[in-house]
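A short worksheet on the structure shown next.
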Amino acid sequence: MATQPIPMAPFLRIPPEIRVMIYKLLLKDHDSKILSIRTEDSLTYDRRKQEGRCRSQYRIMSDRFRARSIETTYHLAHNPGIFPSILGVNRMIHHEASHVLYSAHTFDFELDVEAVIPFLSDLTPSARSSIKRINIVQRALPYIKDFDRCEWRNVCAFLSKNMELVQLGLGILGGKPATQWGAEDTYEESDFKLISGFEGMEWMRQVAEIKGLQNVDVKAHLQHCPPPCSNAMAFFVNFSASIEKGFAAFLRSQMLAPAF
């Protein structure tokens, strides 16, 4: 007996231009254009794991002192009013709608850089190639540990080799003492060509390997810190004062696509 062809879903009989309008209403027509992807807390992750959800797992260093490794996954921290479940209806709808969803938003990971590779790896190649804008945050220099360096290196390499971004939002945690900064306390663009070669500054060269961007948005997230009492802290304070000036100019010189 011949196999009966599977009938086309009624939705797919709608003209393509109407389907695109529906996708935009469900996935794009809202005020926020940022989707915040975060690491899931352990209780929610344990419950989701029992339900058989199939997102990629990864390990992070948790607790107050970041001394204990736990397994977790990523999630959408806040839904601004989109309905991504439509992507799960069938492959055809997923293929059509995924570009609308992923091209319309900036994907913000903040400090949860461990979530970047699992999230992007779980997407289809077509969906992944639609993502053009990503935000990440680098930790304050005095508190970066070896596992942070490893994650940062891997994420920068993945973005450089597997993505064609047009915009990278790079936040950097810095410190600002009560005393005011002077011009002599900051580094210029030319200084960072030398500084990026210092031991412990490899992360600068690694992020600079993400090339061909149209915009690099560098933001300093400053917190109060005591007056520097060592050379290392003095460097940290001076670097913090330079994040949005000399350091941002250095990164743009390395990462932006050449103007024609």
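Per this note's numbering, residue 575 is the first one in the sequence shown, and the count goes up by one each step. A virtual CB, placed ideally from N, CA and C, is assigned to each residue, including glycine. In this text, all values refer to a predicted model and were calculated from it rather than measured experimentally.
Could you check what DSSP says for Ser677 in three-state terms: helix, strand or coil? In the sequence shown, the residue the question calls residue 677 occupies position 103. Three-state DSSP puts Ser677 in a helix.
Where in the segment 613-671 do unbroken runs of the beta strand (DSSP E), each at least 3 residues long, occur, reported from the N-terminal end onward? 632-636, 642-646 and 648-650
For Met575, does the count of other Cβ atoms within 10 angstroms reach 16, so buried, or fall short, so exposed? Counting from 1 along the sequence shown, the entry for residue 575 is found at position 1. Caution is warranted here: a pLDDT of 49 is assigned to Met575, below 50, making its placement in the model unreliable, and no coordinate value can be reported.
Measure the alpha-carbon distance for Gln828 versus Ala822 and round it to whole angstroms. For the purposes of this step, residue 828 is taken as the residue at position 254 of the sequence shown. For the purposes of this step, residue 822 is taken as the residue at position 248 of the sequence shown. Whole-angstrom Cα-Cα distance: 10 Å.
Touching by the beta-carbon criterion (3+ pairs, under 8 Å), the segment 667-681 and the segment 707-723: yes
Buried or exposed, going by whether 16 or more other CB atoms sit within 10 Å of the CB of Asp686? On the sequence shown, position 112 is the one that residue 686 refers to. It counts as buried.
Buried or exposed, going by whether 16 or more other CB atoms sit within 10 Å of the CB of Phe693? Along the sequence shown, read from residue 1 onward, the residue named residue 693 stands at position 119. Only buried fits Phe693, as 16 or more other CB atoms lie within 10 angstroms of its CB.
Using three-state DSSP, classify Leu697 as helix, strand or coil. Counting from 1 along the sequence shown, the entry for residue 697 is found at position 123. If DSSP states are grouped into helix, strand and coil, Leu697 belongs with coil.
Alpha carbon of Gly774 to alpha carbon of Phe810, nearest angstrom: Along the sequence shown, read from residue 1 onward, the residue named residue 774 stands at position 200. Along the sequence shown, read from residue 1 onward, the residue named residue 810 stands at position 236. The alpha-carbon atoms of Gly774 and Phe810 are separated by roughly 12 Å.
Give the C-beta separation of Glu688 and Tyr632 to the nearest angstrom, bearing in mind that I take them to be a contact with Cβ-Cβ under 8 Å. Here residue 688 refers to the residue found at position 114 when the sequence shown is read from its first residue. Here residue 632 refers to the residue found at position 58 when the sequence shown is read from its first residue. The Cβ separation is near 6 Å, so the contact holds.
Decide if the segment 777-787 is in contact with the segment 734-749; the criterion is three or more beta carbon pairs, one per stretch, under 8 Å apart. yes
Given that a residue counts as buried once 16 or more other Cβ atoms are within 10 Å of its Cβ, and exposed if not, what is Thr753? As a first step, residue 753 must be located in the sequence shown, where it is residue number 179. With fewer than 16 other Cβ atoms within 10 Å, it is exposed.
Using the rule of at least 16 other Cβ atoms within 10 Å of the residue's Cβ for burial, across every protein chain shown, is Glu725 buried or exposed? Within the sequence shown, numbered from 1, the residue matching residue 725 stands at position 151. Label assigned to Glu725: buried.
If we call anything under 9 Å between Cβ atoms a contact, is Ala671 one with Leu601? The residue labelled residue 671 in the question sits at position 97 within the sequence shown. The residue labelled residue 601 in the question sits at position 27 within the sequence shown. With contacts defined by Cβ atoms closer than 9 Å, Ala671 and Leu601 form a contacting pair.
Residues in its own chain within less than 7 Å of Arg713 by CB, not counting five upstream and five downstream? Counting from 1 along the sequence shown, the entry for residue 713 is found at position 139. Cβ within range, chain order: Leu685, Asp722 and Leu747.
What separation, rounded to the nearest whole angstrom, lies between the Cα atoms of Asp603 and Ile656? Walking along the sequence shown from the start, residue 603 turns up at place 29. Walking along the sequence shown from the start, residue 656 turns up at place 82. Distance between the alpha carbons of Asp603 and Ile656 is about 8 Å.
I need the straight-line Cα distance from Leu768 to Cys628, nearest angstrom please. In the sequence shown, the residue the question calls residue 768 occupies position 194. In the sequence shown, the residue the question calls residue 628 occupies position 54. Cα-Cα distance, rounded: 45 Å.
Is the distance from the Cβ of Val790 to the Cβ of Leu830 below 9 Å? Here the question's residue 790 lines up with position 216 in the sequence shown. Here the question's residue 830 lines up with position 256 in the sequence shown. Judged by their CB atoms, Val790 and Leu830 are nearer to each other than the 9 Å cut-off.
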